[in-house]
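Residue numbers (my numbering), protein chains in the order written: chain A, 5 to 118; chain B, 296 to 408.
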């Protein structure tokens, strides 16, 4: 079946540091890929997405590029802020599973300190 | 605000009981998904409905059931509750349920004592 593997957390960074959260996937078809963010006590918010190989999703300074050759969708941000502290989930959506339900990674908790 | 609403926000109940969680999708969305988030299992897909019909099932226990009504809201019924059912239950909706973005509600936190 489909699966998503993302780097284990927690990750602690100083403000203005560079962020990378690794994500790799396995899929039977050609999935769409997503990053969702969950702030403390809240639901999941879509951060960015990419629907085909070499697409780059971007939002709020975050970027991720769909790399088919390495089956990866790593999340990056050049300069993190305290307000970016949250849990980040990588997810794939693939019709090969019979439906477009999302398969999630385990989440990476990011803490940004001033 | 995603436009997806879920009620109640918190639910505390006892083992063996039955509860109903409610979800209203975004205006215009026909597909509803239910997910469970727990510490040990992470985020797992439970079930999907599209325009009133069940489309896909994931790791949903037989004690759990769901339905989508003609007004497109959905309910997730959990019965014979066990301690291990304590989790956050999220509803998500999408326009067609076919390769489009899912928008999540704020979740219902279920605590089984």
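Don't be surprised by glycine CBs; every beta carbon is placed ideally from N, CA and C. Just so we're clear, the structure is a prediction, and the values are computed from it rather than from any experiment.
For residue 361 of chain B, the closest Cβ of chain A is not nearer than 8 Å. Residue 403 of chain B has a beta carbon lying at 8 Å or more from every beta carbon in chain A. For residue 61 of chain A, the secondary structure class from DSSP, reduced to helix, strand or coil, is strand.
Interface with chain B (8 Å Cβ-Cβ cutoff): residue 108 of chain A is included. Comparing alpha carbon positions, the residue from B/389, B/339, B/407, B/385 closest to residue 316 of chain B is B/385. With contacts defined as CB atoms closer than 8 Å, residue 117 of chain A and residue 16 of chain A qualify as a contacting pair. When the alpha-carbon of residue 114 of chain A is set against those of A/11, A/5, A/6, A/106, the nearest one is in A/11. Within the segment 38-49 of chain A, 38, 40, 46, 47, 48, 49 place their CB atoms closer than 8 Å to a CB of chain B, listed in sequence order.
The criterion of a C-beta distance shorter than 8 Å is satisfied by residue 61 of chain A and residue 53 of chain A. In the three-state reduction of the DSSP assignment, residue 86 of chain A falls in the helix class. At a cut-off of 8 Å between beta carbons, residue 66 of chain A makes no contact with chain B. Per DSSP, the unbroken beta strand (DSSP E) holding residue 80 of chain A starts and ends at 79-81. For residue 113 of chain A, the enclosing beta strand (DSSP E) begins and ends at 112-117. Taking one beta carbon from each stretch, the segment 81-88 of chain A and the segment 354-364 of chain B have fewer than 3 pairs nearer than 8 Å; the two do not touch.
Annotated three-state conformation of residue 17 of chain A is strand, per DSSP. Of the candidates B/398, B/334, B/329, B/329 places its Cα closest to the Cα of residue 352 of chain B. By the CB criterion at 8 Å, residue 70 of chain A and residue 56 of chain A fall inside the cutoff.
Flagged as an interface residue toward chain B: residue 111 of chain A, by a C-beta distance shorter than 8 Å. Here residue 338 of chain B is buried, its C-beta having at least 16 other C-beta atoms within 10 Å. Straight-line measurement puts the Cα of residue 14 of chain A at about 31 Å from the Cα of residue 389 of chain B. Bounds of the beta strand (DSSP E) holding residue 359 of chain B are 359-363. Taking residue 400 of chain B as reference, the option from B/406, B/323, B/387, B/382 with the minimal CA-CA separation is B/387.
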